[in-house]
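Structure record follows, encoded as structure tokens.
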């Protein structure tokens, strides 16, 4: 609406690029591809003044793992027809993100944010890396890495506003824990779809018409992993709600991968209520188990379609809220149990509240909490902590004895035999 705005923007970018800003150079280069010819021509003139003369190759060079020269007519046909083939190996996924992170451009994007928002999102990765590096190729990152296509074995559901470093850590941690091999073909929408909207390949709308998410979720033999980070709530994104409900309703294997930072935040919220005397139900509510899927958002052009699809499913949003909340509840409890396990396993921390939380969850029927306590019992760690005077350890042993655990009774007897007054 403001005739001066594009000129002012180009002037600002020219100044920043002239003093070495990688971010400004990439933005100038991208503006040179603007569909508005007037803006594109002006951007090219400005770009040339700061030394950008090659408009086929972005200022931050493509990594060698991307092979536009290896693309065939078959590759481009796959991008237009078969979303289940838009996958990449797990190791390539990790290498690509780490490759982005190693650039000066990435560091500048991160440092340009406000201190409390200093993280690079998947939106940033898409704008500054994926789109420039795939422009004019007609294929997304996945097919540029594997021009013949790979059949998706595992889908990652994620929110684009997440911290990409937390995303990577969550994926790596989950795959290590689940013994998922690094050559497993994973499907990650940002890298799967062709993003530039430049006419060289299918538009986003044309790719969505292929119903890629439903097809991939139902075709992936290892199912789906829902990525949770601290910077954005997965279930605030309507696409993620749709994906998780699809997996749950079709009985597709579905697991949660939670970043270490979010795991810590969940534990802190849970324990703050638990320490204050709140019930386990109160503490879980504070930890964030409830999901209100009707509040989720997406791009305006997709919203009507997604809402219609979700309302048309059996039970509508009420049933979806119940199912997704139950999935989230299990993921939150797993995070609490894992964080409490780490606290108890550390010799230099206060174990009492963490042990009480594990005991409470175990009594409420959580198998993972029960297994963790039995592990500490078998290792002799509960007996050691009790011998050091830990009230939490005594209470946990008493809880296990109340559940008929002979090993716990044996540990108390052993301590009593050593003259331990609390044990007696």
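In the working numbering, the protein residues as written are 4 to 427.
From the three backbone atoms N, C-alpha and C, an ideal C-beta is built for every residue, glycine too.
Values in this document were obtained by computation on a predicted structure and should not be read as measured data.
- Per DSSP, the unbroken alpha helix (DSSP H) holding residue 308 starts and ends at 303-315.
- Residue 394 has its alpha-carbon roughly 54 Å from the corresponding atom of residue 154.
- A check of alpha carbon separations from residue 39 across 201, 220, 176, 88 identifies 201 as the nearest.
- Residue 373 sits away from residue 381, with the two beta carbons spaced by 8 Å or more.
- Sixteen is the threshold: since fewer than 16 other Cβ atoms of the shown chains lie within 10 Å of the Cβ of residue 14, the residue is exposed.
- Residue 210 holds the alpha-carbon nearest to the alpha-carbon of residue 83 among 59, 210, 65.
- Residue 58 has its alpha-carbon roughly 47 Å from the corresponding atom of residue 316.
- As computed with DSSP, residue 258 is found in a beta bridge with 228.
- Going by DSSP, residue 58 is part of no beta strand (DSSP E) at all; its letter is neither H nor E.
- Looking at the DSSP output, residue 300 bridges to 240.
- Beta-carbon to beta-carbon, residue 230 and residue 309 are separated by about 19 Å, too far to satisfy the 8 Å threshold.
- Under DSSP, residue 188 takes part in a beta bridge, and its partners are 92.
- Pairing residue 220 with residue 357, the inter-Cα distance amounts to about 37 Å.
- With respect to the C-alpha of residue 168, the residue from 264, 22, 288 having the closest C-alpha is 264.
- The shortest C-alpha to C-alpha distance from residue 406 to any of 376, 156, 391, 191 is the one to 376.
- In summary, residue 215 is buried, with 16 or more beta-carbon neighbours lying within 10 Å of its beta-carbon over all protein chains present.
- Only buried fits residue 344, as 16 or more other CB atoms lie within 10 angstroms of its CB.
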